[in-house]
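**Student:** Heads up, the sequence shown is in the working numbering, so the first residue is 79 and it goes up one at a time.
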Amino acid sequence: MALPVEESSMLNDDIENDVTSSHRNLVVNERVEETTGWIKCRTVLGIMGFFGFANVYAMRVNLSVAIVAMINSTVPLPSNDSTLDVCPSTGPSNTTIPTKQGDFNWTAEQQSIILGSFFYGYVLTQIPGGRIAEIYGGKLVYGVGVLLTAVFTLLSPIAAYTDFKLFIAVRVLEGLGEGVTYPAMHAMLARWIPPLERSKFAAYVYAGSNIGTVISLPISGWLCTLEFGGGWPLCFYLFGGLGVVWFIAWIFLIYDTPQRHPRICPKEIEFITQTIGPQNARLSALPYLTAWVAGILISIFADWLLAKGWISRLNSMKLWNTVAAFMPAFGLLGIAWAGCDRIAVMVLLSVTSAFGGAAYAGNQMNHIDLSPQFAGTMYGITNAASNICGFMAPYVIGLIISDTQQTLGQWREVFYLAAAIDLGANLFYLFFASTEEQDWSRPEIDDMTISAPVESLLFPES
């Protein structure tokens, strides 16, 4: 994904020009008034980023539905009279669920490998994706990441029919493409979005992942029931095709920095430049739906508290990160004891996901505070670490859950473990979190003293 040296030089020149021209007498209460134009360029970035994440997540999760139609099998149901620690069937006793006979005789182990293979590629490109976006700009990194995900999604049916191992390889390559998207977008937010808008803006953009899941699951389920085209391959063709169309629009509408955008209003570029400051210029579907809505509302409220000066930026991030950790953890414990009450489990899942959306106002934006220059790389590191769970979770759960008979007691152990990890990670964050830009992040500028960063004025630490 290397870019020409000229492209890298032009981008670095833009950033250096920002630094050398930004000795301004900035007063927080006298911010530059923006134009009241129809739509701002950074709003276009947000809209395109939203649909980009919606599409890659749709392409990621559609296999979870399609694989049911791909497998040639029936599912035996336990008897309602069973005395085991399991939930009873909602249908007649001693029956089977008839399924559309699929084309593949994959074992349960092979299915687990297929579902987890995506994450092997996903974790590998997090760090390089962020670093490349910081050096060359996030436009092509993010765009090509979505495009590659779309191309390999389109190739998935052919690969599946050809060979089991080839299908796994395609899923790994799909993960490699999608792995750069979050770090690349983080690097772009550092260059485009003023501090007081970041939490809210990130919530809007990253919420695309939830909406993509909400849309993909039911549509994929419906497509799998069709006779046309074999049914399940349509899941891959539809979302893969949309990804290619999205990439074409992205290339024509989006630019790496405000300074390089040919159609940006002078007032908007001045507003972004002054509020970001010289340092930052280097810079089932219901649960997902509740996470999207709650994430946006919480982020708006968090930005409002910051703008009022009622809470410091550090304490704000610690507060919302704790909400995003503790409430889901308690929700998991509730699910563990909800037993066979399907409604209670769905409500708890929705509430758990909703409070998890508070992370957008918590640690999600912390990387930009610590280092605007390396925000993409840092997000890549943390996202890579977190997504190790993508292929470790099926393995660990497999050690706990019996192959022959899954019981409520076994699943309680799984939920206990997940809750403990959630609470432990947040405790670590509370002890070591910081919002101060690190010394190693600051660019060295000869014979030049830069005034305090804008963020130190906007968000004085308590």
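In this text, a Cβ means the ideal position worked out from N, Cα and C, and glycines have one as well.
Keep in mind the model is a prediction, meaning the values are calculated, not measured.
1. Can you check which of these residues, N288, P296, L267 and A403, is closest to F506 by C-alpha distance?
2. When DSSP labels each residue in this structure, what does F182 get in the three-state scheme?
3. When burial is assigned at 16 or more other CB atoms within 10 Å of the CB, is W398 buried or exposed?
4. Does DSSP classify N172 as helix, strand or coil?
5. Distance check for K278 and V371, CA to CA, integer angstroms please.
6. How many whole angstroms separate the CB atoms of G253 and Y198, which I take to be in contact at a CB cut-off of 8 Å?
7. Name the residue from V122, N288 and Y438 whose alpha carbon lies nearest to the alpha carbon of S428.
8. Distance check for F349 and I475, CA to CA, integer angstroms please.
9. Going by the DSSP bridge assignment, what does I149 pair with across the sheet?
10. Is S394 helix, strand or coil when you go by DSSP?
11. Among F433, I413 and G434, which one has its Cα closest to the Cα of M424?
12. Pick out whichever of R138, Y239, L392 and A471 has its Cα sitting closest to the Cα of I499.
13. Just to confirm the assignment, what range does the alpha helix (DSSP H) spanning F509 have?
14. Decide if F306 is buried, meaning its Cβ has at least 16 other Cβ atoms within 10 Å, or exposed.
15. Does the pairing of the segment 443 to 457 with the segment 264 to 272 give three or more beta-carbon distances under 8 Å?
16. Can you tell me whether F509 is buried or exposed, with buried defined as 16 or more other CB within 10 angstroms of its CB?
17. Taking the C-alpha atoms as reference points, what is the distance between T121 and G321?
18. So within the segment 196 to 246, which uninterrupted alpha helix (DSSP H) runs reach at least 4 residues, ignoring any that extend past its ends?
19. Whole alpha helix (DSSP H) runs in the segment 445 to 469 with 4 or more residues, listed along the chain?
20. In angstroms with no decimal places, state the Cα-to-Cα distance between D447 and V143.
**Tutor:** In short:
1. Taking the first residue of the sequence shown as position 1, residue 506 is located at position 428. Checking every option, the nearest Cα to that of F506 belongs to A403.
2. Residue mapping note: residue 182 aligns to position 104 of the sequence shown, counting from 1. Assignment of F182 by DSSP, reduced to helix, strand and coil, places it in the strand class.
3. The sequence position of residue 398 within the sequence shown is 320, counting from 1. W398 counts as buried, since at least 16 other C-beta atoms from the protein chains shown sit within 10 angstroms of its C-beta.
4. Within the sequence shown, residue 172 is the residue found at index 94, counting from 1. Note on N172: pLDDT 46, under 50, position unreliable in the model; the coordinate value appears next. Residue state, collapsed to three classes: coil.
5. Within the sequence shown, residue 371 is the residue found at index 293, counting from 1. Within the sequence shown, residue 278 is the residue found at index 200, counting from 1. Taken atom to atom, the span from the alpha-carbon of V371 to that of K278 is near 12 Å.
6. Numbered from its first residue, the sequence shown carries residue 253 at position 175. Numbered from its first residue, the sequence shown carries residue 198 at position 120. Yes, G253 and Y198 are in contact; Cβ-Cβ is about 6 Å, under 8 Å.
7. Counted from its first residue, the sequence shown places residue 428 at position 350. For the residues V122, N288 and Y438, the minimum Cα distance to S428 belongs to N288.
8. On the sequence shown, position 397 is the one that residue 475 refers to. On the sequence shown, position 271 is the one that residue 349 refers to. I475 and F349 have their C-alpha atoms spaced approximately 50 Å apart.
9. Translated into positions along the sequence shown, residue 149 becomes position 71. Within the DSSP bridge table, the entry for I149 names F182 as partners.
10. In the sequence shown, the residue the question calls residue 394 occupies position 316. Under the three-state reduction of DSSP output, S394 falls in the helix class.
11. One-based indexing of the sequence shown puts residue 424 at position 346. Cα-wise, what sits closest to M424 is I413.
12. As a position in the sequence shown, residue 499 is number 421, starting the count at 1. If we check each option's Cα against that of I499, A471 comes out closest.
13. Within the sequence shown, residue 509 is the residue found at index 431, counting from 1. Under the DSSP assignment, F509 falls in the alpha helix (DSSP H) whose first and last residues are L486 to F510.
14. Looking up residue 306 in the sequence shown gives position 228. Exposed, since its Cβ has fewer than 16 Cβ neighbours within 10 Å.
15. Yes, they touch.
16. In the sequence shown, residue 509 corresponds to position 431, counting from 1. Under this definition F509 is an exposed residue.
17. As a working note, residue 121 is residue 43 in the sequence shown. As a working note, residue 321 is residue 243 in the sequence shown. The straight-line gap from Cα to Cα measures roughly 20 Å.
18. The segment 196 to 246 contains these whole alpha helix (DSSP H) runs: 204 to 214 and 216 to 240.
19. Qualifying alpha helix (DSSP H) stretches, in chain order: 453 to 464.
20. Against the sequence shown, residue 447 aligns to sequence position 369. Against the sequence shown, residue 143 aligns to sequence position 65. Across the structure, D447 and V143 are spaced so that their CA atoms are roughly 39 Å apart.
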